[in-house]
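Numbering (the numbering used here), first residue to last: 14 to 277.
Backbone N, C-alpha and C define an ideal beta-carbon position, used for all residues, glycine too.
Everything numeric in this text was worked out from a predicted model, so none of it was measured.
Read the structure below first, then the notes.
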């Protein structure tokens with residue numbers, strides 16, 4: 014696709030930021046897709062604070078794939094951040110802002126991965142799902158200590174103990190829609206995809222209310238209309254940008270985690 018088309022599409026962030034400020038949920042819906050559309054649904058209707066800032070980004074690098082219908086942008090200022098756009102009747106923000114956790118991987122025009130790396134890139138979402146639902150580590154999927162996905166699995170494993178006397182269960186699911194991948198200059202690929210976390214909080218035995226509510230009272234009121242519901246189910250989205258190397262090493266490059274819905 015042409016860079017000029019991508020530049021014009023990036024400008025929709027100004028209109029989207031204004032829509033969030035005005036709580037114009039119809040415009041938010043029109044200008045978002047995929048993860049951002051899910052995050053803009055109930056959250057737009059319920060929350061006062063809106064979403065992360067969408068303006069003020071500069072020093073842009075446009076990451077244009079060969080496949081039509083989508084592209085990514087790396088904004089290096091004020092902090093390195095990814096945005097992902099897709100075309101669905103009009104250009105829409107699909108994911109972002111995703112703050113980078115370290116240095117941005119390099120990409121050169123014309124970079125091509127091997128067929129093996131491209132095949133492994135399609136399996137990245139399943140590798141994340143397998144890892145997060147396998148606390149014992151019997152599957153053989155591993156991430157180094159300090160990787161954001163390893164930290165997330167540790168958090169999910171500790172959630173039951175931290176919730177006592179309440180009972181909590183967490184389901185990790187693949188979020189709908191395809192992952193998208195870009196070739197990098199070193200034979201690696203950059204993969205964007207999303208996971209869904211569904212956390213169900215119930216009172217402990219002999220109790221009729223939550224002893225340790227997982228969300229603030231104002232947020233619960235905004236989403237549910239209740240002050241102290243007896244139970245809560247929270248749905249979060251975890252949007253990821255990951256690098257899969259030619260040697261099959263998987264590293265989390267950027268991550269955004271946000272609450273999509275809260276029900277009783």
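| Query | Result |
| --- | --- |
| Touching by the beta-carbon criterion (3+ pairs, under 8 Å), the region 214–232 and the region 249–263 | no |
| For residue 299, three-class secondary structure by DSSP | With the chain covering 14 to 277 only, the question about residue 299 has no answer from this structure. |
| 6 Å Cβ shell around residue 59 - same chain, five flanking residues per side excluded | 235 and 236 |
| Terminal residues of the beta strand (DSSP E) in which residue 50 lies | Counting along the chain, residue 50 falls outside any beta strand (DSSP E), though it belongs to the alpha helix (DSSP H) covering 47–53. |
| Contained beta strand (DSSP E) runs [length at least 3] in the region 133–176, N- to C-terminal order | none |
| Contacting residues, own chain, Cβ-Cβ under 7 Å from residue 134 (five flanking each side not counted) | 194, 202, 204 and 257 |
| 8 Å contact criterion, which residue 248 and residue 162 should meet: CB distance rounded | Contact doesn't hold; Cβ gap of about 19 Å is too wide. |
| Given residue 139 as reference, the closest of 128, 127, 82 and 152 once Cα atoms are compared | 152 |
| Per-residue burial, residue 115 [other beta carbons within 10 Å of its own, 16 or more giving buried] | exposed |
| Closest by C-alpha distance to residue 150, when choosing among 227, 170, 137 and 126 | 170 |
| Closest Cα partner of residue 197 within the set 85, 33, 71 and 27 | 85 |
| Beta strand (DSSP E) segments (min. 3 residues) lying fully within the region 72–103 | 83–90 and 94–101 |
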